[in-house]
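Below: one structure, written as structure tokens.
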Amino acid sequence: MNTAAKLLIAMRNNPLDWQLAQLQTVASQNGIDWRHDGTSHYVFIRSDGKTLPVPARRPIKPIYIKKFLELIEGA
């Protein structure tokens, strides 16, 4: 089991205290692109065009982790 798979399982079990670098790792392993053009949000982009903006400031609220998991599972 690779790091991204372990992170994904841990996110499902506990949506608190995650960093953007961890979301980027999981996204990359699941074929989801992301961008940050110097704005206040990182945008995760699925291949079908569905997007999820996540605020760049920390801590990331649990609702964003839950929506991120939905984005991953729908990919």
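Numbering (the numbering used here), first residue to last: 8 to 82.
Each residue gets a CB set at the ideal place from its N, CA and C atoms; glycine is no exception.
Is the CB-CB distance between residue i and residue j below 8 Å?
i          : j          : result
residue 30 : residue 61 : yes
residue 46 : residue 32 : no
residue 72 : residue 18 : yes
If we ignore side chains and look at the alpha-carbon of each, how far apart do residue i and residue j end up?
i          : j          : result
residue 59 : residue 8  : 26 Å
residue 34 : residue 26 : 13 Å
residue 69 : residue 44 : 23 Å
residue 24 : residue 64 : 12 Å
residue 42 : residue 55 : 16 Å
For residue i, I'd like the list of residues in its chain whose CB is within less than 7 Å of its CB, leaving aside the five on either flank, ordered along the chain.
i          : result
residue 20 : none
residue 76 : 18, 19
List the residues that DSSP assigns as beta-bridge partners of residue i.
i          : result
residue 33 : Paired residue(s): none; residue 33 is not in a bridge.
residue 59 : 51
Report all residues from its chain with a CB closer than 8 Å to the CB of residue i; omit the five preceding and five following residues, and keep chain order.
i          : result
residue 78 : 39, 51, 53, 57, 59
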